[in-house]
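Quick note on this note's numbering: the sequence shown kicks off at 143 and runs consecutively.
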Amino acid sequence: MFETFSRSYYVGRLFVEPYSGAHAVLRRDHHERVNEQLYATGDGVERLDLPLVMKLSQQHFAVHGDDGVPEHTLLVPEERLDPGYIDTLPAPREVLLAKADRASQLLEIVSPDRAGR
143 MFETFSRSYY
153 VGRLFVEPYS
163 GAHAVLRRDH
173 HERVNEQLYA
183 TGDGVERLDL
193 PLVMKLSQQH
203 FAVHGDDGVP
213 EHTLLVPEER
223 LDPGYIDTLP
233 APREVLLAKA
243 DRASQLLEIV
253 SPDRAGR
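Take a look at the structure:
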């Protein structure tokens, strides 16, 4: 789903849709798989429920897992998207996924109440 893009990010293509929820969400099994594959520390005790950090357009989002999300889809709260961007959605888009070390830094900014949990 994601491949290396730079020192700080992976890149992937997801169907992006605005929605009325409180935070960005990805299908739970995809969310857990990405957490396990890309954020695993190898110490055997992995948290698969920590938010992923994705970048769409110029905004970073803490992304949580949810059972009701269609496959390969990222749902983003409408109020978090640039108004001009919403007019082009829903549509497939390239999405950047922060690598583990970068995600830790960004979580403190985009979701300070969830960092390190």
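Backbone N, C-alpha and C define an ideal beta-carbon position, used for all residues, glycine too.
In angstroms, rounded to a whole number, what distance separates the CA positions of residue i and residue j?
i, j, result
"VAL237", "LEU223", "13 Å"
"PHE147", "GLY154", "9 Å"
"GLN179", "THR230", "31 Å"
"ILE228", "PRO160", "7 Å"
"ALA242", "ALA204", "13 Å"
"ALA257", "PHE144", "With a pLDDT of 41 at ALA257, under the threshold of 50, the modelled position of this residue cannot be trusted, and the question is left open."
"ASP202", "ASP209", "Residue identity check: residue 202 is His in the sequence provided, not Asp. Straight-line Cα distance between these residues: approximately 22 Å."
"ARG169", "THR215", "7 Å"
"VAL176", "GLU221", "26 Å"
"ILE251", "MET196", "13 Å"
"LEU248", "TYR151", "12 Å"
"LEU198", "LEU192", "19 Å"
"ASP171", "GLN200", "26 Å"
Assuming residue i and residue j form a contact by the criterion Cβ under 8 Å, report the distance between their Cβ atoms to the nearest whole angstrom.
i, j, result
"ALA166", "LEU217", "7 Å"
"LEU194", "HIS173", "6 Å"
"GLY163", "PRO219", "6 Å"
"VAL158", "PRO232", "6 Å"
Go ahead and label residue i buried or exposed: buried means 16 or more other beta carbons lie within 10 angstroms of its beta carbon, across all protein chains shown.
i, result
"PRO234", "exposed"
"ALA182", "exposed"
"ALA245", "buried"
"GLY207", "buried"
"ARG149", "exposed"
Pull up the DSSP beta-bridge partners for residue i, would you.
i, result
"ALA166", "VAL205"
"TYR151", "ALA240"
"THR146", "TYR152"
Counting contacts by CB-CB distance shorter than 8 Å, is residue i in contact with chain B?
i, result
"LEU168", "Absent from the structure is chain B; it holds one protein chain and no more."
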